[in-house]
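Asks: The numbering of the sequence shown is the numbering used here, which starts it at -10 and goes up by one. Here a beta-carbon is modelled for each residue, glycine too, at the ideal position from N, C-alpha and C. From a predicted model like this one, the values you see are computed outputs, not experimental measurements. Handing you a structure now.
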Amino acid sequence: MLHTNIASWASSAPPIQATQPLEILIVTCDRERRERLVAHLGRQRCRAVAMSEMPPPALLKTDRYNLLLLDVQLEPIDGFEVLRRIRAQSDIPIIMMSSGPRDDYDCVMSLELGADDFVGEPLNPRELLARGRAILRRHGAAHDFSADQRGGYRFDGWELRRRTRTVIDPEGQPVAFSKNDYALLLAFLGAPRRPLSRLQLMRATRPHEDIFDRSIDVQVLRLRRKLESVAGQSQLIRTDRNFGYIFDAAVEPLF
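Here's what the structure looks like:
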């Protein structure tokens, strides 16, 4: 349940000034949480729609929503499995929510599966909205940066195509990448067989956010597993224990 002071606090908080109206989808089994979040976000001039279960992922492809608040404690399918399914089809920014205090396991699992952020109780709706806006700014910056890019890279049978922002595996099949994972792979491909520090990788993937070494380690682990999921694939990302990481493959530019 939401913190008992949130309802009175949110009603007196002034609206956050923003230039971009938000279309937010909230998915949680907790009716009180749905009602309070919708009410608060409405006061902040956001359009929020709340549901007790996740609609078909195809709905997200219509770009009707630009942020998803997803509860870990969903039923009958938990939020982690729902997150995994969404990430296979959509890059929509996602904040995972927990009905209990912040749990390190839930947080790491959410980030590994492709969530952009994780929050626990007590849940501050104003902070939640600020986190959502920060995520959208990062996603927008990544989109603007890549929009005019051409070509791409070929490495170890894989291809990254900048024009369409797609990654093709050695079997010719497209593989879903979140925006942060795509930016991380792009950073590695721009400096093959050269050690990159954790700070360099953090700046390449999340330039407007203060994150810690552990967060980039989790992101590298997720990318490494994705690249090595193809049968017989060699280890492409090596750890430099005294510095950061090395992308250990020959990289050929595409034009």
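With distance defined between alpha-carbon atoms, name the residue in I13, R154, P44 nearest to H29.
Replies: I13
Asks: In three-state DSSP terms, what is D60?
Replies: The answer is strand: DSSP assigns D60 an E or B state.
Asks: Select from P163, G233, Q189, I83 the residue whose C-alpha is nearest the C-alpha of M43.
Replies: I83
Asks: Does I205 pass the burial test, meaning 16 or more other C-beta atoms within 10 Å, or should it be called exposed?
Replies: buried
Asks: Am I right that L59 and M40 are in contact with their C-beta atoms under 8 Å? What's the rounded C-beta distance?
Replies: In fact, because the Cβ distance is near 10 Å, the residues do not count as touching under 8 Å.
Asks: Looking only at its chain, what residues have a beta carbon closer than 8 Å to the beta carbon of W147, apart from the 5 residues adjacent to it on each side?
Replies: V156, I157, D158, P159, L216
Asks: Cα separation between L112 and L243?
Replies: Straight-line Cα distance between these residues: approximately 46 Å.
Asks: Give the straight-line distance between the Cα atoms of R22 and L11, rounded to the nearest whole angstrom.
Replies: For the pair R22 and L11, the Cα-to-Cα distance works out to about 19 Å.
Asks: Where does E24 fall in DSSP's three states?
Replies: helix
Asks: Rounded to whole angstroms, how far is the Cβ of R183 from the Cβ of D237, which I believe are closer than 8 Å?
Replies: That belief does not hold up - the Cβ atoms of R183 and D237 are roughly 10 Å apart, past 8 Å.
Asks: Do L178 and V219 have their beta-carbon atoms positioned less than 8 Å apart in this structure?
Replies: For V219 and L178, no; Cβs fall outside 8 Å.
Asks: In three-state terms, what does DSSP make of L14?
Replies: strand
Asks: If you draw a straight line from the alpha carbon of F69 to that of S88, how long is it in whole angstroms?
Replies: 14 Å
Asks: Express the C-alpha separation of P65 and V16 in angstroms, rounding to a whole number.
Replies: As the crow flies, the alpha-carbon of V16 is around 13 Å from that of P65.
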